[in-house]
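> Residue numbers (the numbering used here), protein chains in the order written: chain G, 5 to 254; chain R, 5 to 254. The beta-carbon is built from N, C-alpha and C at its ideal position, and this holds for glycine as well. Dropping a structure here in structure tokens format, bear with me for questions.
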């Protein structure tokens, strides 16, 4: 059954966030039986050098391991590929260039979900993802102001909160990441982009009121996947060979 | 990075049960950081003909679609393969024979988790899984007596309970599936095998006291995966080519 629509998921960054993305995709799919759910193949292999460490100047590049995953997903027949990790999008262009199956970009999907904003947007993200400017560039292009965490907030709340989630300490992670969101609110943010896959998990674990003004890029990526799935399902099976980057229809 | 330990998951039966298995695997892994989690590749493609319908004499065989998944997991480099669905194990031998990577059997894993039993074991499962005799054969081989639900209990409690869970009516599903367990207890069962992925969810939803005497085969399969992962991780990388079926060490 080659060339049927098949979503490849480059996971492992981290493994729990990958499973959370798959869970959100299932819950968001309007399916009445197993066979109506989205077909996925997920490379959840976390033996990838640490992205945040590398972007901070330490350790090996994660790119070779990520390229290996992209190759495996293409070999498995993926017709679109998503990466439910914001920081990994630092390498998006290199990955897209190496992938016959087009990649859907998490920040494109998030901007589509954000729509118009009536105030500054706070971005909760790793130092590496912030340095990549994934969200800043897209918000600026739309004329939407944004607020970033300070160095002190990153060091004292974001980074320890993120690693707490990675070791399954969700309550502690939630309390720390809630502090990051509160700091952005104090600097004027009226919406928050939770641009690190650990953050929505952690805020949910502490039942944070910030969830009401937050956009979860993983959830936005789910919506982008469902738009593709519905289009592909209603069209003739497409040839597997494409190239580069797909347009995410709003 | 060929030949590194990699768990292939033949999913899609159903897609939510597959994700639940992946989630249980992550929660059970003693990992302090992303890189210490189990490497998995998951074929969660639910476009497989209905297993229970086929076993009841209707519709197409699911075997070709399952064999396609097994081929894709091998092509992706899986060194062991698991199927987090009891009913699908009806086709276990044909799948294992076609797979260079050995398959871990969910009922072998469950028997390893059961250990010695001091009384009859009740099996809560679909008609199809009961007809396959997966658990009955293994219990009999160990001299452990077992109790099965009657036709009346299957029709009046198990099947409606299962479908209630599938449409998210967890309370009703829990009450009905609790009745199945109670009926088995009245016939002497001192332990229960919850050999259908809906059952553990439903019993948890009603906080059933039966949970204390129950074994969840998905959780047992997680433990089998972790035993393999720990052995493989402490040994030299193994050649990817094996054949047939793996022994699950108790």
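Assign residue 31 of chain G to buried or exposed, taking buried as 16 or more other Cβ atoms, counted over all protein chains shown, within 10 Å of its Cβ.
Residue 31 of chain G should be labelled exposed.
> According to a CB-to-CB cut-off of less than 8 Å, which residues of the stretch 60 to 91 of chain G neighbour chain R?
Within the stretch 60 to 91 of chain G, the qualifying residues are 69, 72, 76, 79, 80 and 81.
> My parser needs the alpha helix (DSSP H) runs of 4 or more residues fully inside the stretch 10 to 87 of chain R; what are they?
Runs of the alpha helix (DSSP H) inside the stretch 10 to 87 of chain R: 19 to 32, 55 to 59 and 67 to 79.
> Of all the options R/135, R/167, R/123 and R/129, which has the alpha carbon lying nearest to the alpha carbon of residue 147 of chain R?
Taking only the C-alpha atoms, the option nearest residue 147 of chain R is R/123.
> Which runs of the alpha helix (DSSP H) fall wholly inside the stretch 121 to 174 of chain G and span at least 4 residues, in chain order?
Taking only runs of at least 4 residues, the alpha helix (DSSP H) segments lying wholly in the stretch 121 to 174 of chain G are 131 to 136, 138 to 145 and 163 to 170.
> Can you pull out the residues from the stretch 36 to 61 of chain R whose beta carbon lies closer than 9 Å to at least one beta carbon of chain G?
So the list reads 36, 37, 38, 39, 40, 41, 42, 43, 44, 45, 46, 47, 48, 49, 50, 51, 52, 53 and 54, given in the order they occur along the chain.
> For residue 23 of chain R, which residues in chain G fall below 8 Å Cβ to Cβ?
Simply 23, 26, 27 and 30.
> What is the C-beta distance between residue 69 of chain G and residue 87 of chain G, in whole angstroms, given that I count them as a contact (C-beta under 8 Å)?
With 8 Å as the limit, residue 69 of chain G and residue 87 of chain G do not qualify as a contact, their Cβ atoms being about 13 Å apart.
> In chain G, which residues lie with their C-beta within 7 Å of the C-beta of residue 19 of chain R?
Here the neighbours are 30, 38 and 41.
> If I follow the unbroken beta strand (DSSP E) through residue 217 of chain R, where does it start and stop?
It is not in any beta strand (DSSP E) - residue 217 of chain R carries neither H nor E in the DSSP assignment.
> Under 8 Å, with one C-beta from each stretch per pair, do the stretch 187 to 200 of chain R and the stretch 117 to 131 of chain R reach the 3-pair mark?
Cβ pair count under 8 Å is three or more, so yes.
> Can you say whether residue 34 of chain G is buried or exposed, counting buried as having 16 or more other CB atoms within 10 angstroms of its CB?
The residue is exposed, with fewer than 16 neighbouring Cβ atoms inside 10 Å.
> Please report the straight-line C-alpha distance between residue 13 of chain R and residue 155 of chain R, rounded to a whole angstrom.
In a straight line, the C-alpha of residue 13 of chain R is about 32 Å away from that of residue 155 of chain R.
> Count the other CB atoms, across all protein chains shown, that sit within 10 Å of the CB of residue 37 of chain R; report buried if there are 16 or more and exposed otherwise.
Result: exposed.
> Between the C-alpha atoms of residue 222 of chain G and residue 39 of chain R, what's the straight-line distance to the nearest angstrom?
Distance between the alpha carbons of residue 222 of chain G and residue 39 of chain R is about 21 Å.
> Consider the Cβ of residue 242 of chain R: report whether some Cβ of chain G lies at a distance smaller than 8 Å.
The predicted position of residue 242 of chain R is uncertain, since its pLDDT is 40 and thus under 50; no value can be drawn from it.
> Does the beta carbon of residue 16 of chain G come closer than 8 Å to any beta carbon on chain R?
Output row for residue 16 of chain G: interface = yes.
> Quick one: which chain R residues come within Cβ less than 8 Å of residue 211 of chain G?
Here the premise fails: no neighbours, minimum Cβ distance about 20 Å.
> With a threshold of 8 Å between beta-carbons, can residue 10 of chain G be considered close to chain R, or not?
Yes, residue 10 of chain G counts as interfacial toward chain R.
> Can you tell me the Cα-Cα spacing of residue 157 of chain G and residue 185 of chain G, whole angstroms?
Computed Cα separation, rounded: 10 Å.
> Quick one: does residue 235 of chain R have its CB under 8 Å from some CB of chain G?
No, because no Cβ of chain G sits closer than 8 Å to the Cβ of residue 235 of chain R.
> Quick one: grab the DSSP three-state call for residue 180 of chain R.
Residue 180 of chain R: helix per DSSP, three-state reduction.
> Answer with buried or exposed for residue 130 of chain R, where buried requires no fewer than 16 other C-beta atoms within 10 angstroms of its C-beta.
It is buried - the Cβ of residue 130 of chain R has at least 16 other Cβ atoms within 10 Å.
> Note down the Cα distance separating residue 82 of chain R from residue 43 of chain R, rounded to an integer number of angstroms.
Spanning the two alpha carbons is a distance of roughly 9 Å.
> Kindly indicate if chain R contains any beta-carbon less than 8 Å away from that of residue 146 of chain G.
So no, residue 146 of chain G is outside the interface.
> From R/166, R/236 and R/226, pick the residue whose C-alpha is nearest to that of residue 203 of chain R; which is it?
Nearest of R/166, R/236 and R/226 to residue 203 of chain R, Cα basis: R/166.
> Quick check: is the beta carbon of residue 3 of chain G nearer than 8 Å to any beta carbon in chain R?
Examination of residue 3 of chain G is not possible in this model, given that chain G is present from 5 through 254 alone.
> On the DSSP bridge assignment, give the partners of residue 195 of chain G in chain order.
DSSP output for residue 195 of chain G lists G/125 as bridge partner(s).
> Using a Cβ-Cβ cut-off of 6 Å (strictly less than) and excluding sequence neighbours within five positions of residue 245 of chain G, which residues of its own chain qualify?
In this prediction, residue 245 of chain G has a pLDDT of 36, which is less than 50 and means its spatial position is unreliable; what the coordinates show is noted afterwards. Excluding sequence neighbours, residue 245 of chain G sits near 104.
> Select from G/71, G/66 and G/89 the residue whose C-alpha is nearest the C-alpha of residue 24 of chain G.
That would be G/89, whose Cα lies nearest to the Cα of residue 24 of chain G.
> Roughly how many whole angstroms lie between the Cα atoms of residue 64 of chain R and residue 196 of chain R?
C-alpha separation (whole angstroms): 32 Å.
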